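One gets my numbering by counting positions in the sequence shown from 1 and adding 284 to each. The beta-carbon is built from N, C-alpha and C at its ideal position, and this holds for glycine as well. In this text, all values refer to a predicted model and were calculated from it rather than measured experimentally.
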Amino acid sequence: MTDEALVDRMALPRPDVTASEAADILLSHYGLSGTLSELGSQQDRNYRLDTESGRYVLKICHAAYAAEELEAQNAAIHHLRAKAGAPRVPNVMTSTDGQEIVPVSVREQDYQVRLLEYLEGEGLTHRAYLAPASVAALGALCARLAEALADFTHPGLDRSLQWDLRRAGPVAVQLLSSITDSAARDRIAKTMVMAVRRIQPLAPSLRLQAVHHDVTGDNVVSRPDAHGRPLPDGVIDFGDIIRGWLVGDLAVTCASLLHQADNDPFYILPAVKAYHEIYPLIEEELKALWPLIVARAVILVASSEQQIAIDPDNEYVRGNLEGERRIFDTAMSVPFELMEAAILKTAGLDIAGVDMADWQPLLPEIERASIAYVDLGVQSPHFSDGNWRATDMDWRLLARAAAETGAAATRYGEYRLSRTGLHHAKAQATYTLHMDICLAAGSTVAAPFGGRITWYDQHLVLTGPEIKLHLDGIELSVDDGSEVAAGQELGTVSGETSSLGGLRLQLCSITGFEPPLFATPGQAAAWSALCPSPAALLGPGADAPKPETAALLEMRQAHFASPQKHYYARPPQIERGWKEHLFDVEARAYLDMVNNVTILGHGHPRMAEAISQQWLTLNTNSRFHYAAVAEFSESLASLAPDGLDAVFLVNSGSEANDLALRLAWAHSGKRNMLCLLEGYHGWSVASDAVSTSIADNPQALTTRPGWVHAVISPNTYRGQFRGPESTADYLGTVMPVLEAIDAKGEGLAGFIAESVYGNAGGIPLPDGYLTEVYRQVRERGGLCIADEVQVGYGRLGHYFWGFEQQGVVPDIVTIAKGMGNGHPLGAVITTKEIAASLEQEGYFFSSAGGSPVSCVAGMTVLNVMAEERLQDNARAVGDHLKGRLAALIDSYPIVGAVHGIGLYLGLEFVRDRVTLEPATEETGAICDRLLELGIIMQPTGDHLNVLKIKPPLCLTEQSADFFVDMLEKVLREGW
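Here is the structure:
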């Protein structure tokens, strides 16, 4: 085909064939009729036909396209359908007279039509977000398709096509004439020139074969995985199939992903990795990939702009244009060199470094060993109580170290805590690509290698054969544009005599580019290849230690017993906390919405000070007499209802509930215990026995000892009886169990239950439920135990204790979790009479439960809670948070209900609001996506379909809003 013919075809609008005319074609040539729906297309006219026997796609093409080209498309489909392991493709249907391509004329215009099977599945383009697993699956699909087409040939593949990336330059020139915005046109043209310059020297090495050349979200179909994520497995629309560059096929796929990349070009890397693992690319192809992606982005934008000018009613093109502009902007957001480095590293190829062996000293008057390196990382001892957020904190620490030692420097490759930001959906640029040195003003600065001087805006660039040295803070003593030799003096450190000055240095291999000082963790490896460490200039201490997250996880799994699980399949390494925030070793901040242990918040200075002081003073056990145990016990008793004035101090909630059961046994002389299904009370032998949650123990319902009698959980949302009026129905299920115990004559020791159904997501018990159950238990001589470990201690906001919501007073109260703000501490509060019953079995002792340090920790928590009004905060912020969560129900069908009060809330996800089928897998995937967005969240409930929302009580309204905003983003965009 001549270039003129190609230009003419590029100017064609879609075939002008109405749905009525399409129906006539279908009936007359295929004998089919049914419901027609128009499908989008760039230059074809496509209709979907729904019939009782099946679904089909009618494709109407201009006669300007040679029949041989259409035959090639059909032949490729037949080839793939015969290939084992190839992706799903539609079948080609024949007309009533046996033709696969039928010539037709509509209103004196000639067209060619084909009928294909409609391939069932979901496309990807409409999704605002694709998980890494979906991105990788698209790359793998592209590779399997290319591999299956490797041995396919057809004369119709050798054709001129505007999408052929081998012709990207000339095609772009032709398309640019239709863009009226001169600034946009110039930017697009300049971009294409840069891309073509990088492609041309690689072009002779790029392999040619049959390629689909349009494996994009519009042209694939997918099936959901167990989590509801789409995994593409089928390919449609072979209209762009050609014999072209193999890597160009992947470039088209990657370019299509950029419209979902949220301006992060590294988003494509899972697709590149998956493709390369199946159908390996050579080095030249990997280097050409990003320039080809950029070229594709240019062609997409320019082609759509032209098509809109030709066919202004083409809503398909108009709808795609915004996404294509987004693709272009994302493609141009980073240097070509950066993406080349990222792609090579993703494929496992080494990137040659710069030889620095013969470099001369940068600071010839400074002894390298005398430089002190300041730790500004996440675990730095210099940081506490949020002081890293103060303006210029890093510089102040650096200057202080320099004043003490004479010269101090920051470290390259360090994830700076000061660079993190709170409430960010994306990881911030925390990885350091430069170094700052604080030293005596007037110190000599010399050229480590020979090169050319560039000086602008007080910024020096020394350009050598392989690398550029960027310097700030220097008084230059050589001329701009001059050539200098290695070791030659460049100038001196700026500043007044006898004062300290600051020198900033950075290496970078990109020409004509001022590199960023920091990189995001996801881009750190690629940027490090372009901006290498200047340790050769300053010594090995210049490099910060690299995080060993994967190795530490392996160590944990090797030696930390496997029943002790961790959150997430690939957990971040969390090494710092502050208030309601957690920070991993890459200085990524997360909002902690699950940590009910640190009730005051993480890193509270009052806790650190109080515990440290007590450790320095005394720490022993409660058989000694000291003030802290008396004062703390009195404080706890004063918080309990009248009559509950005897306190046991223990180490944990499990120990507290275990002791409560022993008290019930000792006081009643009986053994049988009543409990609720779906409950959790701990991991000791006794507390585990009354724990019936199958989420915590899948064998819970079949392994309870004979003395445990579990009754139906009064879950008013998804239980046997539903709604606020279900109290009597649930009480009716308790009586038969009690009567069966009565009939055996063994008696009842007691009843244990959470006052609010914490493990089910904070569901309140139906009104009056505990009142009647407590009465029945007490009539039989049993004791009533309120497990307040999770839900009590001010967390509910409106009540200090959960049992207050039910208007009852238990015989025994158990607490733990937040009462030590992370220090191992629990308590049992009961009457003196019940406590004395235990003495029949001997005295009780907990080594650390009532120690001076534990008691001081507990007292400090109570004091801070009162001073900072954290229960009031739990009520106010909790009510605001619950209101915002409830508003999601109207917009997202998966949101079934919001449970709980205060800052113990549960958001339940269901697949169907009538059947209440739990959305278990979706909930897990939602938690994973929330982690990407900076939220720590985990599921709970027997079906693991409830978000368990129990943050530190210092949670601010701003943090609550960030949580809901990110959650709604996930629900809106997908997971």
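>> Which same chain residues end up closer than 7 Å to F1246 when comparing Cβ atoms and leaving out the 5 residues on each side of it in sequence?
In response: H707 and L875
> From F802 to A713, what distance separates their C-alpha atoms?
Replying inline: 5 Å
> Excluding five sequence neighbours on each side, which residues of the same chain lie with their C-beta closer than 6 Å to the C-beta of P856?
Replying inline: D868
> Apart from the five residues just before and just after A631, which ones in its own chain have a Cβ nearer than 6 Å to its Cβ?
Replying inline: H560 and L570
> Candidates M640, V1230 and E1117: which alpha carbon is nearest D929's?
Replying inline: E1117
>> Could you compute how far the alpha carbon of A430 sits from the alpha carbon of G523?
In response: 15 Å
>> According to DSSP, is C959 part of a helix, a strand, or is it coil?
In response: strand
> Are the segment 1137 to 1145 and the segment 1097 to 1112 touching by the rule of at least three beta carbon pairs closer than 8 Å?
Replying inline: yes
>> I need the boundaries of the alpha helix (DSSP H) containing W811, first residue and last residue.
In response: A808 to L814
> Taking the alpha-carbon positions, what's the M285 to S444 distance?
Replying inline: Below a pLDDT of 50, predicted positions are generally treated as unreliable, and M285, at 47, falls in that range; the measurement from the model is reported next regardless. Each residue's Cα considered, the two are about 6 Å apart.
>> Using a 10 Å radius around the Cβ and a threshold of 16 neighbouring Cβ atoms, would you call V1112 buried or exposed?
In response: buried
>> What residue range does the alpha helix (DSSP H) around F1247 cover?
In response: E1241 to E1257
>> Out of Q807, L744, P829 and A813, which one is the CA nearest neighbour of G796?
In response: L744
> How should D639 be labelled, buried or exposed, when 16 other C-beta atoms within 10 angstroms of its C-beta is the threshold for buried?
Replying inline: exposed
> Which same chain residues, not among the five before or five after H438, have their C-beta less than 6 Å away from its C-beta?
Replying inline: A356 and A359
> Within 7 Å: the Cβ of V869 and any heavy atom of the ligand NAP?
Replying inline: Because no ligand of any kind appears in the structure shown, any question about the ligand NAP cannot be addressed here.
> In chain order, what residues of the same chain lie with their CB nearer than 6 Å to the CB of G1052, ignoring the 5 residues before and after it?
Replying inline: T1011
>> Would G1046 and H1183 qualify as a contact pair, given that the criterion is a beta-carbon distance under 8 Å?
In response: yes
> Do I1069 and P1094 have their C-beta atoms closer together than 8 Å?
Replying inline: yes
> How is the alpha helix (DSSP H) around M623 delimited, first residue to last?
Replying inline: F620 to T630
> Of all the options R946, L1217, L323 and E859, which has the alpha carbon lying nearest to the alpha carbon of V1248?
Replying inline: L1217
>> My assumption, with CB atoms under 8 Å, is that V585 sits in contact with I472. Please give the rounded CB distance.
In response: 6 Å
> In terms of residue numbering, what span does the alpha helix (DSSP H) encompassing R365 cover?
Replying inline: A351 to R365
> Out of curiosity, what's the CA-to-CA distance linking V934 and H965?
Replying inline: 15 Å
>> Just verifying my parser: in three-state terms, what is the DSSP assignment at D613?
In response: helix
> Among residues of its own chain, excluding the 5 on either side of P575, which ones have a beta-carbon nearer than 7 Å to its beta-carbon?
Replying inline: A479, R482, I483 and F620
> Buried or exposed: which applies to F1129, given that a residue is buried once 16 or more other Cβ atoms fall within 10 Å of its Cβ?
Replying inline: exposed
> Under 8 Å between the Cβ atoms of A303 and Y331?
Replying inline: yes
> Between I1096 and G1065, what straight-line distance do the alpha-carbon atoms span, to the nearest angstrom?
Replying inline: 14 Å
> Using a Cβ-Cβ cut-off of 6 Å (strictly less than) and excluding sequence neighbours within five positions of T976, which residues of its own chain qualify?
Replying inline: L961, G963, A984 and A994
> Helix, strand or coil: which one does DSSP assign to Y852?
Replying inline: coil
>> Taking DSSP's pairing of strands, which residues face K1101 in a bridge?
In response: K1101 is not bridged to any residue.
>> I'd like to check one pair, A420 with P516: are the Cβ atoms closer than 8 Å?
In response: no
> What residue from A510, G512, A572 and E1205 has the CA that sits closest to D533's CA?
Replying inline: A572
> Given that a residue counts as buried once 16 or more other Cβ atoms are within 10 Å of its Cβ, and exposed if not, what is Y1077?
Replying inline: buried
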